[in-house]
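Sequence lines, in order, name chains A, B, C, D, E, F, G and H. In this text, residue positions in the first sequence follow the working numbering: the first is 1, and each later residue adds one. In this text, residue positions in the second sequence follow the working numbering: the first is 220, and each later residue adds one. In this text, residue positions in the third sequence follow the working numbering: the first is 439, and each later residue adds one. In this text, residue positions in the fourth sequence follow the working numbering: the first is 658, and each later residue adds one. In this text, residue positions in the fifth sequence follow the working numbering: the first is 877, and each later residue adds one. In this text, residue positions in the sixth sequence follow the working numbering: the first is 1096, and each later residue adds one. In this text, residue positions in the seventh sequence follow the working numbering: the first is 1315, and each later residue adds one. In this text, residue positions in the eighth sequence follow the working numbering: the first is 1534, and each later residue adds one. Beta carbons are placed, not taken as given, at the ideal position from N, Cα and C, and that holds for glycine. Only one structure is covered here, and it is reproduced in the block below.
8 protein chains.
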Amino acid sequence: KDACIDHQREIRTGIPEVIYGAAKSVEQIITIARAQIATGGPVIATRVEREKAKQVQLVLPECHYHERASMLTCLERRATAPSFRGEALILCAGTSDIPVAEEARVTLEALGSPVKTIYDIGIAGLHRLLLHREVISQASVIIVVAGMEGALASVVGGLCTAPIIGVPTSVGYGASFGGVSALLTMLNSCAPGLAVVNIDNGFGAACMAFSINRQNPTG
Amino acid sequence: KDACIDHQREIRTGIPEVIYGAAKSVEQIITIARAQIATGGPVIATRVEREKAKQVQLVLPECHYHERASMLTCLERRATAPSFRGEALILCAGTSDIPVAEEARVTLEALGSPVKTIYDIGIAGLHRLLLHREVISQASVIIVVAGMEGALASVVGGLCTAPIIGVPTSVGYGASFGGVSALLTMLNSCAPGLAVVNIDNGFGAACMAFSINRQNPTG
Amino acid sequence: KDACIDHQREIRTGIPEVIYGAAKSVEQIITIARAQIATGGPVIATRVEREKAKQVQLVLPECHYHERASMLTCLERRATAPSFRGEALILCAGTSDIPVAEEARVTLEALGSPVKTIYDIGIAGLHRLLLHREVISQASVIIVVAGMEGALASVVGGLCTAPIIGVPTSVGYGASFGGVSALLTMLNSCAPGLAVVNIDNGFGAACMAFSINRQNPTG
Amino acid sequence: KDACIDHQREIRTGIPEVIYGAAKSVEQIITIARAQIATGGPVIATRVEREKAKQVQLVLPECHYHERASMLTCLERRATAPSFRGEALILCAGTSDIPVAEEARVTLEALGSPVKTIYDIGIAGLHRLLLHREVISQASVIIVVAGMEGALASVVGGLCTAPIIGVPTSVGYGASFGGVSALLTMLNSCAPGLAVVNIDNGFGAACMAFSINRQNPTG
Amino acid sequence: KDACIDHQREIRTGIPEVIYGAAKSVEQIITIARAQIATGGPVIATRVEREKAKQVQLVLPECHYHERASMLTCLERRATAPSFRGEALILCAGTSDIPVAEEARVTLEALGSPVKTIYDIGIAGLHRLLLHREVISQASVIIVVAGMEGALASVVGGLCTAPIIGVPTSVGYGASFGGVSALLTMLNSCAPGLAVVNIDNGFGAACMAFSINRQNPTG
Amino acid sequence: KDACIDHQREIRTGIPEVIYGAAKSVEQIITIARAQIATGGPVIATRVEREKAKQVQLVLPECHYHERASMLTCLERRATAPSFRGEALILCAGTSDIPVAEEARVTLEALGSPVKTIYDIGIAGLHRLLLHREVISQASVIIVVAGMEGALASVVGGLCTAPIIGVPTSVGYGASFGGVSALLTMLNSCAPGLAVVNIDNGFGAACMAFSINRQNPTG
Amino acid sequence: KDACIDHQREIRTGIPEVIYGAAKSVEQIITIARAQIATGGPVIATRVEREKAKQVQLVLPECHYHERASMLTCLERRATAPSFRGEALILCAGTSDIPVAEEARVTLEALGSPVKTIYDIGIAGLHRLLLHREVISQASVIIVVAGMEGALASVVGGLCTAPIIGVPTSVGYGASFGGVSALLTMLNSCAPGLAVVNIDNGFGAACMAFSINRQNPTG
Amino acid sequence: KDACIDHQREIRTGIPEVIYGAAKSVEQIITIARAQIATGGPVIATRVEREKAKQVQLVLPECHYHERASMLTCLERRATAPSFRGEALILCAGTSDIPVAEEARVTLEALGSPVKTIYDIGIAGLHRLLLHREVISQASVIIVVAGMEGALASVVGGLCTAPIIGVPTSVGYGASFGGVSALLTMLNSCAPGLAVVNIDNGFGAACMAFSINRQNPTG
Ligand SMILES: Nc1ncnc2c1ncn2[C@@H]1O[C@H](COP(=O)(O)O)[C@@H](O)[C@H]1O
Ligand SMILES: Nc1ncnc2c1ncn2[C@@H]1O[C@H](COP(=O)(O)O)[C@@H](O)[C@H]1O
Ligand SMILES: Nc1ncnc2c1ncn2[C@@H]1O[C@H](COP(=O)(O)O)[C@@H](O)[C@H]1O
Ligand SMILES: Nc1ncnc2c1ncn2[C@@H]1O[C@H](COP(=O)(O)O)[C@@H](O)[C@H]1O
Ligand SMILES: [Mg+2]
Ligand SMILES: [Mg+2]
Ligand SMILES: [Mg+2]
Ligand SMILES: [Mg+2]
Ligand SMILES: [Mg+2]
Ligand SMILES: [Mg+2]
Ligand SMILES: [Mg+2]
Ligand SMILES: [Mg+2]
């Protein structure tokens, strides 16, 4: 009874309330998801571990679990998405960054946006990136996910005109300080046309990308 | 002779090379500006103090100085801008944040984008913000400039559908740690559809906004 | 035998010695609780996990366990509370902040103060807060509990005359740095009439609120 | 013209808008002060250096300058203050902390609250503090200003029932990190009934103390 | 075979090599302990968990385990200690600091120094400390162990002539940052005659105290 | 009139109140010095810049200025010092550390202790240190002053039996972070019998050394 | 299918792609290793825990597991190594640093370089280091692995002409901050001819040493 | 008289003692330089501002001042350099990084090593770097100097076999934290064969490069 769901959020901001599953019990997730289904809204839950997800699905079998993204969605009620300017593109630097990239991908799909992904093309082997220059130049918005030194975002930023959203990840050890190194790299990028979200925040990057990619941003 | 100007940058990224004036001498600024004028490009220089600017203007009188933004521009050669989706909107929280907001405004104008500003509407007096709800709901992209606790970006994020770019400023003292407090606030915002640039980086926010506001992002 | 209980603390400061349960064994908690019961004082223990609490209750069944607050109390001996100026109000931003808010609520009740709560009204959906303006304007002291960017305290601070105590929580991830982001937000608030306690310190906020809400502060 | 003064702030929060002088020019201070005088409000400006203040006074001779507090006030229009519960008390640890303590004192007086001060009673010579126990026990709210290790607040907290507001100062060197050491000390105090404001924020502490000391907090 | 024991350390520095058990396996501890016994030296091992200790004792039953200090010692071979100036005194602020205080006590005893302890006398109840003024004034060196805000060292420093060694502990949460708060407090103490060792380093404090308390420091 | 001098400090702690000159005006220093002279105490002032010192000397010509230590002393009234165990030794790593070493030397002399110095013997040229092994082995207490990586204290700690006081200095740049690097090195030293004072705190190190070197610590 | 192996890396940089095993599943490691074996490359995997390694070996029995280094290698296909200038030398300060030193040793051997090790010769017992001066003076490149205060690298740097690579380790507690203390020490070393890699990065140090030790660096 | 020059350093480490001019007076620099000239050694002084340099040259006209490097050298006495493996190459990212790059260049030349430079080729315009691939592939050791996000070192690391020394610079603002951002980027680089020196430490990078580039490292 303590949760106070913000049912008008989609009307106000274009993005429905999304359940942050990390600190919630199975019971709490079920309660909120039910309320959202009851009011005709989609269910989108992030940071739901496999075990929790399975228990939610026992009660709400209409929910779909996205393993690599640790997300739970139920989009049946979601009739129409806005129209979009083009395709969002998600790039990631190493295989360890994939879970964060997948959180972004599943969120974008849940919000209705077309999305494409290219993974494991970090700058230690630059040719891997340059191979994909054409796809990169055609995206309407690009999400770059990278841990360790996080320099991929700057390199992409020097190659294309689309707005770029950097997602630093906590991949690394020692002086990566749980993602701080990659975060600072992206904040200090000398490539303009790049903005940054919180460490590991694939969800937030997807919301920003969705907002940019909508055909009619004012409405 | 050590500077290696990147003349193709505008073709590759949509944004011409911009002179970062903070650590450059008057001579260096003049040399680079001349090279840019010679190759038909616009001159856009940020972080140029008043005294330096005056000396540059003695030699290059076609340059215009923007006092509050500490910027120097020479846009005569700039024939055509891309077409835009709508108007970019710049909000700032307090009067001390205005210089950063102005850096964003002058940059957007130099890049050709329509832009509007509303200043000094921080959340300690929320009614000031709510008065402007209509203008806010019509912007195609919003830049929010705020120092101290930097919470304005989150509040705006809960009210509109446009993508938001947060610019934390170094305004404050003590535990504001030169803008770190505002930066963290914006990175941790619970309002999705918000991404962040470096502390005091009005220029970078404008580039991101320009990139979002272009009619044809892939082009 | 190494514990040296401060039995006169209530006389000196108005607040009895409270057991910090986090680093104590079941045996230590029982020993101190017994000594407090023996000298006629109330038992108030914070940060007691469920399992530990159950073992304490086996020996001291007069103790009551508060699940969501992780607190153990035995207030039977507590005859009279001071009289109070009004009602303390506890607000919290998200459902994940509730345990900290509950630590504050149970502490205030144990100290005898009237208290009311409104939970899950973070600033991403400002209307939820504005709905409660009247209750807010009637409180004699307000505790605001918020994690992530922690901006709720500033927004409330701009709306009311009562003194506000901010409690940053460790809810969040990445650049929230275990509550540092919310802490800095509250310390740098541009809304005056706000002071802050340690991250997750619902107990300390309640003590400050109790001290403010007492009818006769010098007594 | 960019400043947007919040004339209703005193009605909403009990505290009028106060000018933060640090980053403002003489012209900006004069403009805002005039607008406040014109609308019948008091002028309270903090962080105004001596030279700036003199220039403001040339134009607005009704303003009074408080040297040690670096504050400028014009209270002529301020008819009636609320009634108060008692006397606020300001303690400071060393002579170097006095400017911050004075900022608190002048602010409290400007807001109409009775106030008393005891300075230079740091814990290296505890007897100096114990000498004043009676005054301490009679205050309705106490502000403790301390730099370096900032332990005075905890010691006072163990001796009295009044709510305490800690103000860490940037006095110190080396590992005091501009006030961070004193700030952490106060946030981690084991003496309950203590809350903290930003480093060097005598003004904020005074606003909190004023809010606590008002006879009718809801009004 | 990779360990290279420093058998002459006691001759050079007065303190034998001590085994740092935290990252060592049972086998490694046994090997080093055996080598020390073989060369007639004492065995002193710190940070040895209960389970590890039991397994060591199965093989080396002459070792004694100190539960609260998590230390293992075998002092049989230790014939003569130097003579001492007086008694070392260990004070600690809260019951949670006792394990660190005990590490100091057991180390001092193993090194042969007379030692006395007074625990749980933190500054929130100052009278507890003042009760022991006489004992404090008679110590030849004092170790003060304190977590959270760590202010006890400064208060003791203002009361006595003996050199004081501060040991900050990691007791606390939130902004105590694993002992950093107490460490900074002690480093910034305004009470001279105080020096500090690493967080939780009861062992190091004891070595310093031993070195001070020796009758003939040059010998 | 706000200063509250602690005239009994020498009786309580063995060390008289010392004037911290950094944030004090010439007038404040003169006032306090006069009060100390009047009550028969010595004057010891630290962190007094040359210009300030000259102005103080115009009024109080009995004060002596120590250029390299930036200290002002007037010891005429100081009749008798306690007797000492031996000689204190001050080592410093580089020539840039000398001002801090001199603050320690002048303080020790003012307090009456015998003292010897050896400067510029950092570990990049270890033979310079080893040349002085005999002097080192005869000191009753050693102060080691070092900036940058601050490793000299550990090396000395492995060579002698006397207690060592480490003074990290702010000498260095980049990742020395104003002395933090040297401070951490000393706190984490694997050489036991070493304790640390604040960055650049030659004064504090001297007080600790004085306290250790007194013949009768309890009195 | 998401991994994009960089098969040309050895040709471009002299070092083949190495599997970073920390965040990879057994399946992922097997897939990549197989692809590397299939293309004739060596398999070198770091940070593979014992249990994971065993499962990989069930499928790929040609892989060898290096217990202390937590590495898995399969070098059968590796025909010829480049020729080398001399022997690389690995020194480590304490027994707890050995796993990091071993990661460096196994990597160097896998890359074909001759390598020698001397362990547990930290500066608390300097004679242990000085004993090995001749071996030190003959190495063509030296890796120094040290935690806690990490001063060994500076001391070695003052004794030899070979280039030195410092590897700070996370060994320590309290103010060692997970290796930051040792990292800062090495970065601020006053001994020139020393460069540093990330905390615990034995692998990276070995790559740098290999690159230095190759007979023909340009090839 | 307090300076203790290490005349044998060149014999021990291959690199003569170099004067760190930042905190030294003109007199100190002259004294040390004279002693070095007298003993037949070269004079190499870093961080000498123009004004100081001029005054030194008045007395020692044989010294040469390197404006952009802020260095002073007198190499007349330097007869023979060792022979070298090839050419050292210095790359820098932006024009603001040139002073640090020049400190490295002048140091390498003073030590006798062949050296080449390519400046202003940061990754925002990657083609500028790729143009120089052949020169890069021929260097025997590479120094990469970069501020802001510092990603140039990683990109170069993915392209060549030579050992790379990264020098982060303090160029940048806001979240660059005086070079920390670039430092962390380089420490976390996913390109192996890269080691790092302190922020702005062109001198240290040159010493490491010299040490690598010597024909006979053991000698
Ligand atoms: N992975 C995520 N990262 C950041 N914010 C999230 C995430 N998932 C959901 N949210 C936001 O968190 C809010 C829900 O918080 P709560 O009330 O605690 O469930 C929603 O409004 C979402 O916008
Ligand atoms: N608890 C402790 N804290 C700090 N240093 C310790 C501790 N216990 C032992 N030591 C030191 O650590 C060194 C042993 O390191 P190791 O070679 O890893 O066993 C000894 O020389 C001791 O002086
Ligand atoms: N250089 C110094 N560093 C640290 N503390 C000092 C220093 N000089 C004086 N003090 C202390 O500062 C106190 C004086 O503070 P104040 O009341 O501000 O003058 C004295 O009690 C001294 O113990
Ligand atoms: N222990 C290690 N530390 C740092 N980098 C490593 C380590 N082991 C492997 N790597 C690098 O990590 C890269 C592989 O990353 P990934 O694509 O996530 O497997 C390889 O190119 C290696 O150069
Ligand atoms: Mg990969
Ligand atoms: Mg304003
Ligand atoms: Mg919610
Ligand atoms: Mg004082
Ligand atoms: Mg207790
Ligand atoms: Mg020197
Ligand atoms: Mg060892
Ligand atoms: Mg450039």
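task = Check each candidate in Thr469/C, Ile536/C, Leu549/C, Ala460/C and name the one with the smallest Cα separation from Ile443/C.
result = For this step, residue 443/C is matched to residue 5 along the third sequence. Here the closest residue by C-alpha is Thr469/C.
request  = Under 8 Å by Cβ, that's how I've got Val1713/H and Val1678/H pegged, so tell me the actual separation to the nearest angstrom.
outcome  = Residue numbering aside, residue 1713/H sits at position 180 when the eighth sequence is read from its first letter. Residue numbering aside, residue 1678/H sits at position 145 when the eighth sequence is read from its first letter. 16 Å between Cβ atoms; not a contact.
6 Å CB neighbourhood of His1599/H in its chain, flanking five on each side removed = To locate residue 1599/H, count along the eighth sequence from 1; it is residue 66. Counting only Cβ-Cβ distances below 6 Å, and skipping sequence neighbours, we find Val1639.
request  = List the DSSP bridge partners of Tyr458/C.
outcome  = On the third sequence, residue 458/C is found 20 positions in, with the first residue counted as 1. Answer is Thr484/C, bridged to Tyr458/C.
key: Val801/D - DSSP class collapsed to helix/strand/coil   = Here residue 801/D refers to the residue found at position 144 when the fourth sequence is read from its first residue. Looking at Val801/D - three-state DSSP - the assignment turns out to be strand.
ask   = Using a Cβ-Cβ cut-off of 7 Å (strictly less than) and excluding sequence neighbours within five positions of Pro1039/E, which residues of its own chain qualify?
value = Against the fifth sequence, residue 1039/E aligns to sequence position 163. Answer for Pro1039/E: Val1017, Gly1069, Ile1088, listed in chain order.
query = Can a CB atom of chain C be found closer than 7 Å to the CB of Gly179/A?
reply = For the purposes of this step, residue 179/A is identified with residue 179 of the first sequence, where counting begins at 1. It does; some Cβ of chain C falls within 7 Å.
message = Less than 7 Å between the C-beta atoms of Ala542/C and Ala644/C, yes or no?
response = Counting from one through the third sequence, the residue named residue 542/C turns up at place 104. Counting from one through the third sequence, the residue named residue 644/C turns up at place 206. Yes, they are a contact pair.
task = Quick one: list the residues of chain A neighbouring Asn1512/G, beta-carbon separation under 8 Å, in chain order.
result = As a position in the seventh sequence, residue 1512/G is number 198, starting the count at 1. Within 8 Å Cβ-Cβ: Tyr173, Gly174, Ala175, Ser176.
inquiry  = Since Phe1736/H and Thr1579/H should fall inside the 8 Å C-beta cutoff, what is the C-beta to C-beta distance between them, to a whole number of angstroms?
reply    = On the eighth sequence, position 203 is the one that residue 1736/H refers to. On the eighth sequence, position 46 is the one that residue 1579/H refers to. Yes, they are in contact, since the Cβ atoms of Phe1736/H and Thr1579/H sit about 5 Å apart, within 8 Å.
inquiry  = Tell me which residue opens and which closes the beta strand (DSSP E) that Val663/C is part of.
reply    = Outside the displayed span of chain C (439 to 657) sits residue 663/C, for which this structure offers no information.
query = With burial defined as no fewer than 16 other Cβ atoms inside 10 Å of the residue's Cβ, what is the status of Pro1330/G: buried or exposed?
reply = As a first step, residue 1330/G is located in the seventh sequence; it is residue number 16 there, counting from the start. By the neighbour-count rule (16 or more Cβ atoms within 10 Å), Pro1330/G is buried.
query = Going by beta carbon distance, what residues of the same chain come within less than 6 Å of Ala964/E, once the five residues before and after it are set aside?
reply = Position 88 of the fifth sequence, counted from the first residue, corresponds to residue 964/E. Correct list, in chain order: Leu984, Ser989, Val991, Val1017, Ala1085, Asn1089.
task = Measuring only between beta-carbons, confirm whether Cys311/B sits less than 7 Å from chain H.
result = Indexing the second sequence from 1 puts residue 311/B at position 92. Not closer than 7 Å to any Cβ of chain H, the Cβ of Cys311/B fails to qualify, so no.
task = Would you list, in chain order, the members of the segment 1008-1032 of chain E that have their beta-carbon closer than 7 Å to a beta-carbon of chain D?
result = Met1024, Glu1025, Ala1027, Ser1030, Val1031
key: CB contact below 7 Å: Leu1720/H versus chain A   = Start at 1 with the first residue of the eighth sequence, and residue 1720/H comes out as number 187. Answer yes: the Cβ-Cβ gap between Leu1720/H and chain A drops below 7 Å somewhere.
key: Which of helix, strand or coil DSSP assigns to Arg214/A   = Walking along the first sequence from the start, residue 214/A turns up at place 214. Looking at Arg214/A - three-state DSSP - the assignment turns out to be strand.
request  = State buried or exposed for Ile44/A, treating a residue as buried only when at least 16 other CB atoms are found within 10 Å of its CB.
outcome  = The residue labelled residue 44/A in the question sits at position 44 within the first sequence. Ile44/A should be labelled buried.
ask   = In whole angstroms, what separates the C-alpha of Ala69/A from that of Arg50/A?
value = Numbered from 1 along the first sequence, position 69 holds the residue referred to as residue 69/A. Numbered from 1 along the first sequence, position 50 holds the residue referred to as residue 50/A. Cα to Cα, Ala69/A sits roughly 10 Å from Arg50/A.
message = So with CB distances below 8 Å, who are the chain F contacts of Ile1437/G?
response = Taking the seventh sequence and counting its residues from 1, one reaches residue 1437/G at position 123. Chain F residues near Ile1437/G: Ala1246, Ser1249, Val1250, Gly1253, Cys1285, Ala1286.
inquiry  = I need the straight-line Cα distance from Ala839/D to Ala750/D, nearest angstrom please.
reply    = Here residue 839/D refers to the residue found at position 182 of the fourth sequence. Here residue 750/D refers to the residue found at position 93 of the fourth sequence. Cα-Cα distance, rounded: 11 Å.
inquiry  = Are the CB atoms of Thr555/C and Ile528/C within a distance shorter than 7 Å?
reply    = Residue mapping note: residue 528/C aligns to position 90 of the third sequence, counting from 1. Residue mapping note: residue 555/C aligns to position 117 of the third sequence, counting from 1. Contact flag set, yes.
ask   = Looking at C-alpha atoms only, which residue of Thr161/A, Phe177/A, Ile199/A, Ala139/A is the closest neighbour of Ala191/A?
value = For this step, residue 191/A is matched to residue 191 along the first sequence. The shortest C-alpha separation from Ala191/A is found at Thr161/A.
query = Which chain E residues are close to Ser1178/F, counting only those with a beta carbon under 8 Å from its beta carbon?
reply = Position 83 of the sixth sequence holds residue 1178/F. Those do not exist, as Ser1178/F stays about 13 Å from chain E at its closest Cβ, beyond 8 Å.
inquiry  = Against Ala206/A, what residues of chain C qualify as contacts under a CB-to-CB distance less than 9 Å, listed in chain order?
reply    = Working through the first sequence from its first residue, we reach residue 206/A at position 206. Under the 9 Å cutoff, chain C gives no residues; its nearest Cβ is about 15 Å from Ala206/A.
Range of the contiguous alpha helix (DSSP H) that encloses Ile1544/H = Residue numbering aside, residue 1544/H sits at position 11 when the eighth sequence is read from its first letter. 1542-1546 is the extent of the alpha helix (DSSP H) around Ile1544/H.
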